[in-house]
Amino acid sequence: MTDRAVAKLQALVRIPSVSDRDPERVDTAAFDRLLDELRTQFPLLHERLELTRVGTHGLLFHWAGRRDAKPVVLMAHLDVVPVDETAPWHHPAFSAEIADGAIWGRGTLDDKGSVAAICEAVEQLLEAGHQPAQDVWLSFGCDEEVSGTAAVAAIDELVRRGVRPWLVLDEGGAVAHEAFPGIKRPVAAIGVAEKGTTSIELRVEGRGGHASTPARNGPTAKLARAIVALDRSPMPARVPDTTVDLMRLLAPHLPRPMRPVLSRVAKIRPLLSQALTVAGPEAAAMARTTFAITTLEGSPALNVIASSATAGVNIRLMPGDTVDDVLDHVRKVVPRDVLVQVVERGEASPVSPLGEAFYLVADVAAELFPDAIPAPYVQTGATDSRHFTRVSEHVYRFAPFRMDAAQRRAVHSYDEHLGIDAFLAGIDWYRRLIERLPDGD
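So for the sequence shown, our numbering puts the first residue at 670; every next one is plus one.
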């Protein structure tokens, strides 16, 4: 069973299903192979569950339960981000090699590990003749990494069928080791909300010309000043209620001198917000809306002065901030002759409550990972699940895999890998979750 499950994940990782905002640049043949591979590796799932195709290559499976009063949606995505060929991968990105007790390759963590774990858990339960207590839907998007439309199409299908999920669970949090300073135990971080994703371009226009006769204060210089100004003027730091709940749960596990401080975290929010901003990138992202300069474009040649210079800025909005708030801040910070253009607009998601559905996820995490501290948090990355808040109040984000800090840094970077034992424990977690679905209305 162990070798079988690992081989299935390897088969998926070896297929370079890279998504792109330009449909013409997508290798549709790779996605065709991926869907064929899924059918080969998980035959019972395809034979016994109803399948609806959504978008170009998205999949929506329906597993009928004994009741349909509390339908559940388990989510993951099939696409991956491109590979930087110059990055120092220790194992080829699409080789799915096994080394040092882990499976290496693009998508192992984001997000084919979850795809394979969900499908294997369902396959095992089908082999055992299990029928879930409630309807279970499996939603696998094909364009999550480019903010595509497959997840929206899946929601449209659920709406058409009158399905309002009791629980939606997507990627996001993890059994995170080395996540918080002073906390030795791992944290089973369950996202109850996620930051909004908005992208803008800063653009400066000018005359351009020959590089032998440069004028002062050209487009690239103006753009550089705007970037530095934005980098030096972040949005105000603050601590939302979800982070207060997180800190209260972590307080008993801190070194004794620090426990009294965090136990009254609601009264020291300003102090805590400042502490988070200097505690490293992960902690800082929990305390404010962030700006990341991601793309730069200027002259097409070394001996040509740019007539137009642009910088792409990816913004992750903290719940409580709006896109309009952020744009007002940017326009106040950058010089007036810098044009601010909105490329993508996405507000932060609503915060899901800590009710029965949340505690089912948390309780199963506590059972399977007894050393971990289950806790809610605001997720900094974007997922397809943000769209599902349209049909459900109970949308959570948790990938049931142990990840250390190095692994989390490898997501969208090089040397992405998932431990074999962690992957197998994740399969058990999804299986236990399905087995524990409530039997009543």
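In this text, a Cβ means the ideal position worked out from N, Cα and C, and glycines have one as well.
Grouping DSSP H, G and I as helix and E and B as strand, with all else coil, what is T963?
strand
Is R876 helix, strand or coil by DSSP?
coil
Note down the Cα distance separating A956 from G774, rounded to an integer number of angstroms.
31 Å
Which term fits R967, buried or exposed, when burial requires 16 or more other beta carbons within 10 angstroms of its beta carbon?
According to the sequence shown, residue 967 is Gly rather than Arg. G967 should be labelled buried.
List, from N- to C-terminal side, the beta strand (DSSP E) runs of 3 residues or more that fit wholly inside the region 893 to 919.
none
Comparing C-alpha positions only, which one of K1001, D1053, F1027 and R1000 sits nearest to S1018?
D1053
Give me whichever residues DSSP pairs with W732 in a beta bridge.
V805
Decide if the region 973 to 988 is in contact with the region 864 to 871; the criterion is three or more beta carbon pairs, one per stretch, under 8 Å apart.
yes
Quick check on V710: buried or exposed, where buried means 16 or more other Cβ atoms within 10 Å of its Cβ?
The question names Val, but residue 710 is Gln in the sequence shown. That one is buried.
Going by CA-CA distance only, name the one from R717, F1038, H1056 and I974 that's closest to Q793.
R717
Who are the near neighbours of D997 in its chain, counting only those whose CB is closer than 6 Å to its CB and skipping five residues on each side?
none
Hey, out of L747, D701, V805 and H760, whose CA is closest to H731's CA?
V805
Would you mind reading off the limits of the beta strand (DSSP E) that contains L986?
S977 to L986
Please state if the CB of A733 and the CB of L1087 are separated by a distance shorter than 8 Å.
no
Under DSSP, the alpha helix (DSSP H) around D937 begins and ends at which residues?
According to the sequence as given, residue 937 is Ile; it is not Asp. Run containing I937: none; DSSP gives neither H nor E here.
If you draw a straight line from the alpha carbon of L1102 to that of G875, how long is it in whole angstroms?
59 Å
Can you check DSSP and say which residues form a bridge with R1071?
V844
Stretch pair the region 832 to 841 + the region 1040 to 1056: three plus CB contacts closer than 8 Å
yes
Option in V1020, A895 and T725 with minimal Cα separation from E693
T725
Are the CB atoms of L713 and L720 within a distance shorter than 8 Å?
no
Beta-carbon separation (whole angstroms), L681 vs A785, contact threshold 8 Å
6 Å
Cβ contact (3+ pairs, closer than 8 Å) linking the region 1006 to 1014 and the region 1067 to 1085:
no
Can you tell me whether V1011 is buried or exposed? The criterion is at least 16 other CB atoms within 10 Å of its CB, across all chains shown.
exposed
How big is the Cα-Cα spacing for V832 and P740?
7 Å
Can you give me the C-alpha to C-alpha distance between P1045 and P909, rounded to a whole angstrom?
12 Å
Between which residues of its own chain and V828 is the CB-CB distance below 7 Å, once the five residues before and five after are set aside?
V1060
State the start and end residues of the unbroken beta strand (DSSP E) segment that holds Q1048.
I1042 to Q1048
Do V873 and P888 have their beta-carbon atoms positioned less than 8 Å apart in this structure?
yes
Cβ neighbour criterion (16 or more within 10 Å) applied to K677
buried
Could you give the first and the last residue of the continuous alpha helix (DSSP H) run that contains A790?
K781 to E796
Alpha-carbon to alpha-carbon, E951 and P751
23 Å
Measure the CB-CB distance between V1003 and L899 and report whether it falls below 8 Å.
yes
To the nearest angstrom, how far is the alpha carbon of T963 from that of A980?
7 Å
Can you give, in chain order, each stretch of the beta strand (DSSP E) that sits fully within the region 818 to 863 and has at least 3 residues?
836 to 845 and 856 to 863
So which of A765, V913, F960 and G810 has the shortest CA-CA distance to P1167?
A question about residue 1167 goes unanswered here, because the residues of the chain that appear run from 670 up to 1110.
For I1123, which of helix, strand or coil comes out of DSSP?
The structure shown does not extend to residue 1123, since the chain is modelled only from 670 to 1110, so the question has no answer here.
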